[in-house]
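K.L.:
Last residue of the sequence shown: number 271 in UniProt numbering, and the count goes up by one each step with no gaps.
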Amino acid sequence: MPATTQFEEWDVVPSYWHHWVGINEPAIAPLGECKSDLEIAWELSRKLNELSPGVCGFPTEGKEEEWLANEFNQELYSRLEIKDYRELLNGPRKLKWPEVAFADLKFKTPSGKFEIASATASREGFPLLPTYTEQTPAPQAYPFRLITPHYPVGNNSQFLNLPWLTWGIKEPCLRINPKTAKRFGLNNGDYVRVYNQQGEILLPVKLTVAVSEDTLVCFQGWQGSGENNLNDLINGSPTDMGRKVTGRPALAFHDTFVNLCPAKGGAKCDK
1 MPATTQFEEW DVVPSYWHHW VGINEPAIAP LGECKSDLEI AWELSRKLNE LSPGVCGFPT
61 EGKEEEWLAN EFNQELYSRL EIKDYRELLN GPRKLKWPEV AFADLKFKTP SGKFEIASAT
121 ASREGFPLLP TYTEQTPAPQ AYPFRLITPH YPVGNNSQFL NLPWLTWGIK EPCLRINPKT
181 AKRFGLNNGD YVRVYNQQGE ILLPVKLTVA VSEDTLVCFQ GWQGSGENNL NDLINGSPTD
241 MGRKVTGRPA LAFHDTFVNL CPAKGGAKCD K
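1. Taking C-alpha atoms, which residue in Ala263, Leu233, Gly247, Leu68 lies nearest to Val13?
2. Just to confirm, is the Cβ distance from Trp10 to Pro30 under 8 Å?
3. Could you compute how far the alpha carbon of Gly22 sits from the alpha carbon of Leu128?
4. With distance defined between alpha-carbon atoms, name the residue in Glu171, Gln220, Ile147, Leu216 nearest to Pro178.
5. Between the alpha carbons of Gly154 and Phe219, how many angstroms are there, rounded?
6. Name the residue from Pro204, Trp17, Ala121, Lys113 whose alpha carbon lies nearest to the alpha carbon of Lys94.
7. With contact counted as at least three CB pairs below 8 Å, one residue from each stretch, are the segment 172 to 187 and the segment 203 to 215 in contact?
8. Can you tell me whether Glu99 is buried or exposed, with buried defined as 16 or more other CB within 10 angstroms of its CB?
9. Among Ser118, Leu230, Lys264, which residue has its Cα nearest to the Cα of His254?
10. CB Val205 to CB Asn228, shorter than 8 Å?
11. If you follow the beta strand (DSSP E) that Lys206 is part of, which residue opens it and which one closes it?
12. Ignore the nearest five residues each way along the sequence and tell me which others in Phe107's own chain have a CB closer than 7 Å to its CB.
13. Measuring CA to CA, which of Cys261, Thr109, Pro139 is closest to Arg193?
14. Rounded to whole angstroms, what's the CA-CA distance from Asn156 to Lys83? Just pull it up for me.
15. Pick helix, strand or coil for Arg193, following the three-state DSSP scheme.
16. Could you give the DSSP three-state label for Arg248: helix, strand or coil?
17. What are the boundary residues of the beta strand (DSSP E) that includes Ile40?
18. Should Ala181 be labelled buried (16 or more other beta-carbon atoms within 10 Å of its own) or exposed?
19. Going by the CB atoms, is the gap between Ala141 and Asn259 shorter than 8 Å?
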């Protein structure tokens, strides 16, 4: 479904890298059948509720500027030193933010202090005091931990279709320690089947000492990868974090364990 670009929609523009906040004002009307993500969500909610009344609590209509205004609260206005988000149309504002986190020693805890012994954690089913938890051990059948980070020049699935950004790399690969590769008789560019109880994918290997012997790395987000979908290997194990923010646990992406075998000519290997 075609979505609008930043040239066709209202948006707030913060950044990972600095404390400036700006506003994106549409320069042109949406082209063709393009709709903003928000409009798509409204229409999807409307259709779902037509099919099954009450199934979706997301609004079915609205105005984008009103939603934009709702992104701001009094604390944000105070930190930006403005009274209305439209003041950002005159130029971006820098958030008033301490150079050192919690420099005022005020914490959002029941006591207002840094709580080493946390009653909140205890109520959530966690230890009252911080404790070390052993990482999940690799099962014997799947001895390698698979790590799936972002590609250095990509953002999720964005930008990986641009050859000038990916340095000519046209497909995902499995980064593997040279000592591990030697055990399997692998050289750069050889294909392997990476598998576990969830599924399997086919990848060429790239030898690098940046990866430990018990770990394999494949960057996420590649488009048009055919059968090479990393999600086929993720088992969906929950983490012990996430409920405080989202109401439910997150996924333990890096507790994914796999095995591998050479796949000459792309053929399936005997597991």
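Glycine residues also receive a C-beta, built at the ideal position from the N, C-alpha and C atoms.
P.N.:
Inspection of the coordinates gives the following:
1. Taking only the C-alpha atoms, the option nearest Val13 is Leu68.
2. no
3. 41 Å
4. Leu216
5. 9 Å
6. Taking the Cα of Lys94 as reference, the smallest distance to any Cα among Pro204, Trp17, Ala121, Lys113 is reached at Trp17.
7. yes
8. exposed
9. Leu230
10. No.
11. Start and end: 200 to 207.
12. Lys113, Phe114
13. Cys261
14. Cα to Cα, the separation comes out at about 35 Å.
15. strand
16. Coil.
17. That residue, Ile40, is in no beta strand (DSSP E); its alpha helix (DSSP H) goes 37 to 51.
18. buried
19. Taking 8 Å as the Cβ cut-off, Asn259 and Ala141 qualify as a contacting pair.
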